[in-house]
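*Asks:*
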DNA sequence: TATGAATGAGCTTTCATTCAT
DNA sequence: TATGAATGAAAGCTCATTCAT
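Right under this line is the structure:
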């Protein structure tokens with residue numbers, strides 16, 4: 041006899057398999073170069089099954105990007121909490137550095153999610169409070185600390201947004217296009233800029 | 041009697057027509073949604089003629105982006121020279137503001153060239169000295185002035201690069217995604233960040 | 041109710057229809073003059089269906105040639121066995137004559153498969169033992185008999201090869217190009233040559 | 041002042057250049073893979089000029105094959121006359137061996153002209169008495185000698201035709217397809233077959 | 001004679017999506 | 001839920017040939 045939970049698991053299994061197959065193929069072949077056919081063959085399910093769980097190729101990509109981005113940000117936040125400093129600006133630098141180092145080792149993931157690694161995503165990730173309660177707490181701590189420095193809440197949000205845009209855009213350019221050079225020689229200037237932006 | 045120049049003009053005419061048709065279609069329908077068929081029909085030439093002048097759809101896009109970006113940058117530089125201030129940081133702000141305002145009125149162009157409006161492109165534009173001699177002069181003036189402020193040449197290049205990335209990325213996000221809000225309420229913070237980055 | 045076999049049959053039906061359409065069109069219009077479009081229209085299936093069953097136009101041609109060649113050779117072998125003589129050389133002549141007569145009535149087929157009607161094909165046909173068990177038996181009998189005549193196995197293979205090349209090439213020339221004349225006035229000389237080659 | 045002959049030479053020059061370019065490209069890229077565009081670019085003339093001298097791509101191929109085949113046959117005949125033996129069958133073997141050895145060193149040429157290297161071509165070559173007077177003399181000698189052996193003229197022509205077909209077809213198969221093996225291990229059997237056919 | 005820009009029908013191939021089972 | 005055969009519009013691109021100059 042099979043329990044309801046087992047059926048649900050079995051059902052979920054195909055979805056998970058499709059998700060993983062799509063992820064691997066997008067990373068290795070690229071999004072445009074991957075056909076639905078490739079995904080279902082890799083996942084070992086029928087073509088129709090794909091459309092049972094996902095609207096289309098862009099649907100699975102979006103979900104993939106959200107999932108992977110959340111993971112990276114969560115990791116970065118956890119790492120920052122572990123190494124927590126007194127100076128909140130330095131915590132920000134640690135957070136940024138973790139993300140940069142992560143993508144240095146996962147360039148293909150960076151390529152895939154680049155266009156969506158932004159404040160918007162960050163916000164979406166923070167909103168999913170059921171999954172990331174802890175993130176929310178941390179976020180509040182960050183906000184609190186900047187307020188103490190004399191920033192308004194609007195200023196904080198906009199500055200964080202700008203920093204996210206700056207960092208992701210520079211990281212992408214250095215790691216993927218090697219423009220204007222390698223990320224390591226860029227880091228001091230980037231961190232410097234971040235520090236300046238965050239200083240009243 | 042038809043002069044050699046006229047023949048050459050006639051020849052060029054089709055290329056120009058293709059260029060314009062592609063530009064309009066890319067803007068209105070989007071790049072992926074525009075077929076070569078659409079371009080040649082709009083230009084009123086045969087399909088083969090397209091391949092006489094362009095390698096493929098990406099070739100015409102690249103040339104389009106380069107051409108339009110150069111134009112915007114040139115305009116911005118000219119405008120900056122006209123309104124030239126004593127303070128070079130303020131000149132930079134004027135330059136940036138011009139570009140932002142330009143794209144505020146040409147959102148679809150921004151969408152099209154976003155991924156390529158970067159320092160790399162700027163550099164390519166500057167390199168075309170025959171076309172943009174004046175730009176080169178201005179660039180030298182800028183470099184000279186920052187050196188006086190105590191920046192090394194490396195610092196200048198990297199900071200300008202970061203500012204370009206920051207500005208383009210924030211402009212795109214605000215104008216196209218309206219994220220985290222409208223560009224006008226972002227501007228003060230953005231300009232503030234730029235000023236901080238450019239201050240020793 | 042539809043059995044599994046019926047579903048499979050239905051599936052196969054389109055492939056068979058494509059096969060037949062391609063065969064007729066190749067015969068009547070020629071290979072190069074036949075477009076995939078022509079084939080699918082004639083078969084009454086969608087273009088994509090063609091690529092479900094065949095890699096490309098050359099794939100269907102190859103399979104067509106193999107199938108038709110096997111058929112002719114099989115018929116010729118069966119006919120030879122029916123009219124079997126004591127003298128093995130005469131059996132060979134009967135075999136050859138059957139093939140010549142066959143193509144006399146199917147000149148367009150000869151045109152289509154000529155380049156591939158060779159010892160290589162013959163060997164491939166013989167190898168398909170599951171489909172042509174009887175052919176294998178006959179082949180063994182032939183080999184056995186020539187060995188008795190004092191030929192080495194190497195000699196037999198090479199002589200059979202040469203005869204196949206000679207016959208197919210002369211048949212093609214006479215039937216298709218009428219060069220140097222009609223096949224019937226060529227036959228005595230051709231058979232004579234074959235007899236000489238097969239005589240120690 | 042330019043003489044009529046010079047103009048004619050100049051005119052001929054482009055034709056010759058086209059001929060040579062086509063030959064090299066057909067050999068190196070293959071006939072189907074060579075576009076008229078490739079030929080005219082290589083020859084350094086305009087596209088329209090091609091159609092001034094040749095009907096189409098097949099026209100230039102035909103002329104190429106005829107020209108090159110005549111050359112090979114002429115060389116083979118000259119070589120045979122030099123090494124002339126008393127036995128006319130052995131002269132035939134020398135003639136055949138020369139052609140085989142020639143193509144062993146020019147496999148790509150063999151590939152190109154194979155379908156047309158036949159008795160028909162041989163006859164066409166012999167017919168061009170103005171260009172190949174000597175060939176005609178030799179041909180007559182051959183005919184004379186076989187008549188002495190008791191062959192009718194019809195028998196001679198048909199046997200020579202069969203031998204040409206046999207040799208070219210076997211040579212092609214061995215050299216290009218390596219089927220059923222290399223040409224050198226085939227030669228003894230081939231020459232043996234030729235001798236048998238030519239023996240009353 | 002010579003040019004070469006222009007043609008445009010034609011090609012093969014892809015692939016997201018559907019739907020009867 | 002799950003299948004996978006079938007679809008067919010649409011894509012990018014080629015190239016022999018023409019013709020005004």
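Residue numbers (the working numbering), protein chains in the order written: chain R, 41 to 240; chain A, 41 to 240; chain V, 41 to 240; chain E, 41 to 240.
We put the CB at the ideal spot given by N, CA and C, even for glycine.
(1) Is residue 236 (chain R) close to chain A, meaning its C-beta is less than 7 Å from at least one C-beta of that chain?
(2) Within the chosen definition, does the segment 115-127 of chain R reach the segment 92-104 of chain R through at least 3 CB pairs nearer than 8 Å?
(3) Within 10 angstroms of the Cβ of residue 45 (chain R), are there 16 or more other Cβ atoms? Answer buried if so, exposed if not.
(4) Can you find a CB in chain R that lies within less than 7 Å of the CB of residue 75 (chain A)?
(5) Report all residues from its chain with a CB closer than 7 Å to the CB of residue 241 (chain A); omit the five preceding and five following residues, and keep chain order.
(6) Using a Cβ cut-off of 7 Å (strictly closer), state whether residue 58 (chain R) contacts chain A.
(7) Using a 10 Å radius around the Cβ and a threshold of 16 neighbouring Cβ atoms, would you call residue 217 (chain A) buried or exposed?
(8) What residues of chain V sit near residue 199 (chain E), judged by a beta carbon separation below 7 Å?
(9) Using a Cβ-Cβ cut-off of 8 Å (strictly less than) and excluding sequence neighbours within five positions of residue 87 (chain R), which residues of its own chain qualify?
(10) Since I believe residue 136 (chain E) is in contact with residue 85 (chain E) (beta carbons under 8 Å), could you give me their beta-carbon distance rounded to a whole number of angstroms?
(11) Assuming residue 210 (chain R) contacts residue 238 (chain R) under a Cβ cut-off of 8 Å, what Cβ separation, rounded to an integer in Å, is found between them?
(12) For residue 157 (chain A), which residues of its own chain have a beta-carbon under 7 Å away from its beta-carbon, when the five flanking residues on both sides are left out?
(13) Give the range of the alpha helix (DSSP H) segment to which residue 88 (chain V) is assigned.
(14) Name, going along the chain, the residues of the segment 188-220 of chain V whose beta-carbon falls closer than 8 Å to a beta-carbon of chain E.
(15) Is residue 75 (chain E) helix, strand or coil when you go by DSSP?
(16) Using C-beta distances below 7 Å, list every residue in its chain close to residue 112 (chain R), excluding the 5 sequence neighbours before and after it, in chain order.
(17) For residue 22 (chain E) versus residue 185 (chain E), is the C-beta spacing smaller than 7 Å?
(18) So which residues of chain R does residue 83 (chain A) contact, with C-beta pairs closer than 8 Å?
(19) Output yes if chain E places a C-beta closer than 7 Å to the C-beta of residue 86 (chain V); else output no.
(20) Taking the straight line between their C-alpha atoms, what separation do you get for residue 66 (chain E) and residue 96 (chain E)?
(21) Report the option in A:187, A:215, A:199 and A:56 whose CA atom is closest to the CA atom of residue 92 (chain A).
(22) Once DSSP output is grouped into helix, strand and coil, what is the label at residue 187 (chain A)?
(23) Assuming residue 234 (chain A) and residue 196 (chain A) form a contact by the criterion Cβ under 8 Å, report the distance between their Cβ atoms to the nearest whole angstrom.
(24) CB-CB under 6 Å to residue 107 (chain V), same chain, minus the five flanking residues each way: which ones, in chain order?
(25) Could you tell me the boundaries of the alpha helix (DSSP H) in which residue 98 (chain A) lies?
(26) Name the two residues that bound the continuous alpha helix (DSSP H) containing residue 218 (chain V).
(27) Taking C-beta to C-beta, are residue 123 (chain V) and residue 134 (chain V) nearer than 7 Å?
(28) Quick one: using the 10 Å Cβ neighbour count with 16 as the cut-off for buried, is residue 213 (chain E) buried or exposed?
(29) Would you mind sorting residue 52 (chain R) into buried or exposed? The rule is 16 or more other CB atoms within 10 Å of its CB.
(30) Just checking: is the beta-carbon of residue 116 (chain A) within a distance shorter than 7 Å of some beta-carbon in chain R?
(31) Against residue 226 (chain A), what residues of chain R qualify as contacts under a CB-to-CB distance less than 7 Å, listed in chain order?
(32) Taking the alpha helix (DSSP H) that residue 151 (chain A) belongs to, which residues open and close that run?
(33) Between E:193, E:130, E:188 and E:147, which lies nearest to residue 236 (chain E) when the distance is taken from Cα to Cα?
(34) What separation, rounded to the nearest whole angstrom, lies between the Cα atoms of residue 146 (chain E) and residue 68 (chain R)?
(35) Could you tell me the alpha carbon to alpha carbon distance between residue 151 (chain R) and residue 225 (chain A), rounded to whole angstroms?
*Replies:* According to the structure shown:
(1) Locating residue 236 (chain R) in the first chain gives position 196, where the first residue counts as 1. It does; some Cβ of chain A falls within 7 Å.
(2) no
(3) Locating residue 45 (chain R) in the first chain gives position 5, where the first residue counts as 1. Because the pLDDT of residue 45 (chain R) is 48, which lies under 50, any placement of that residue in the model is unreliable, and the question is left without a value.
(4) Here the question's residue 75 (chain A) lines up with position 35 in the second chain. With 7 Å as the cut-off, residue 75 (chain A) does not count as an interface residue toward chain R.
(5) Look at the range of chain A in this structure, 41 to 240, and you will see that residue 241 (chain A) is not part of it.
(6) Taking the first chain and counting its residues from 1, one reaches residue 58 (chain R) at position 18. Answer no: the Cβ-Cβ gap between residue 58 (chain R) and chain A never drops below 7 Å.
(7) The count along the second chain starts at 1 and reaches residue 217 (chain A) at position 177. Exposed, by the Cβ-count rule.
(8) In the fourth chain, the residue the question calls residue 199 (chain E) occupies position 159. What residue 199 (chain E) touches in chain V: 229.
(9) Taking the first residue of the first chain as 1, we reach residue 87 (chain R) at position 47. The residues are 76, 77 and 80.
(10) As a working note, residue 85 (chain E) is residue 45 in the fourth chain. As a working note, residue 136 (chain E) is residue 96 in the fourth chain. Not a contact, Cβ separation roughly 40 Å.
(11) In the first chain, residue 210 (chain R) corresponds to position 170, counting from 1. In the first chain, residue 238 (chain R) corresponds to position 198, counting from 1. The Cβ separation is near 16 Å, so there is no contact.
(12) By 1-based counting over the second chain, the position of residue 157 (chain A) is 117. Annotation note: pLDDT 48 at residue 157 (chain A) (below 50); position unreliable, no value reported.
(13) For the purposes of this step, residue 88 (chain V) is identified with residue 48 of the third chain, where counting begins at 1. Segment 87-93, the alpha helix (DSSP H) holding residue 88 (chain V).
(14) 195, 197, 198, 199, 201, 202, 205, 206, 208, 209, 210, 213, 217, 219 and 220
(15) As a first step, residue 75 (chain E) is located in the fourth chain; it is residue number 35 there, counting from the start. Coil at residue 75 (chain E), not helix or strand.
(16) Along the first chain, one-based indexing puts residue 112 (chain R) at 72. So the list reads 139 and 142, once near-sequence residues are dropped.
(17) Only positions 41 to 240 of chain E appear in this structure, which leaves residue 22 (chain E) out of reach.
(18) Taking the first residue of the second chain as position 1, residue 83 (chain A) is located at position 43. What residue 83 (chain A) touches in chain R: nothing, since even the nearest Cβ is about 26 Å away.
(19) Within the third chain, residue 86 (chain V) is the residue found at index 46, counting from 1. It does not: the Cβ of residue 86 (chain V) has no partner Cβ on chain E nearer than 7 Å.
(20) In the fourth chain, the residue the question calls residue 66 (chain E) occupies position 26. In the fourth chain, the residue the question calls residue 96 (chain E) occupies position 56. Computed Cα separation, rounded: 14 Å.
(21) Here residue 92 (chain A) refers to the residue found at position 52 of the second chain. It is A:56.
(22) Translated into positions along the second chain, residue 187 (chain A) becomes position 147. DSSP places residue 187 (chain A) in helix when its eight states are reduced to three.
(23) As a first step, residue 234 (chain A) must be located in the second chain, where it is residue number 194. As a first step, residue 196 (chain A) must be located in the second chain, where it is residue number 156. In fact, because the Cβ distance is near 14 Å, the residues do not count as touching under 8 Å.
(24) Looking up residue 107 (chain V) in the third chain gives position 67. Correct list: empty, nothing qualifies.
(25) Position 58 of the second chain, counted from the start, is the residue given in the question as residue 98 (chain A). First-last of the alpha helix (DSSP H) with residue 98 (chain A): 97-122.
(26) Here residue 218 (chain V) is taken as the residue at index 178 of the third chain, counted from 1. From DSSP, residue 218 (chain V) is part of no alpha helix (DSSP H); its letter is neither H nor E.
(27) Within the third chain, the letter at position 83 stands for residue 123 (chain V). Within the third chain, the letter at position 94 stands for residue 134 (chain V). It is a contact, given that the beta carbons lie within the stated cut-off.
(28) Locating residue 213 (chain E) in the fourth chain gives position 173, counting from the first residue. Buried, since its Cβ has 16 or more Cβ neighbours within 10 Å.
(29) The residue labelled residue 52 (chain R) in the question sits at position 12 within the first chain. Exposed, because fewer than 16 other Cβ atoms sit within 10 Å of the Cβ of residue 52 (chain R).
(30) Along the second chain, read from residue 1 onward, the residue named residue 116 (chain A) stands at position 76. So, not an interface residue.
(31) Walking along the second chain from the start, residue 226 (chain A) turns up at place 186. Near residue 226 (chain A) (Cβ distances below 7 Å), the residues of chain R are 198.
(32) Along the second chain, one-based indexing puts residue 151 (chain A) at 111. Here the alpha helix (DSSP H) through residue 151 (chain A) covers 147-153.
(33) The residue given as residue 236 (chain E) occupies position 196 in the fourth chain. Selected option, being the one with the closest Cα: E:130.
(34) Residue 146 (chain E) sits at position 106 when you count from the first residue of the fourth chain. Residue 68 (chain R) sits at position 28 when you count from the first residue of the first chain. Going from the Cα of residue 146 (chain E) to the Cα of residue 68 (chain R) covers about 44 Å.
(35) By 1-based counting over the first chain, the position of residue 151 (chain R) is 111. By 1-based counting over the second chain, the position of residue 225 (chain A) is 185. Using only the alpha carbons, I get a separation of about 30 Å.
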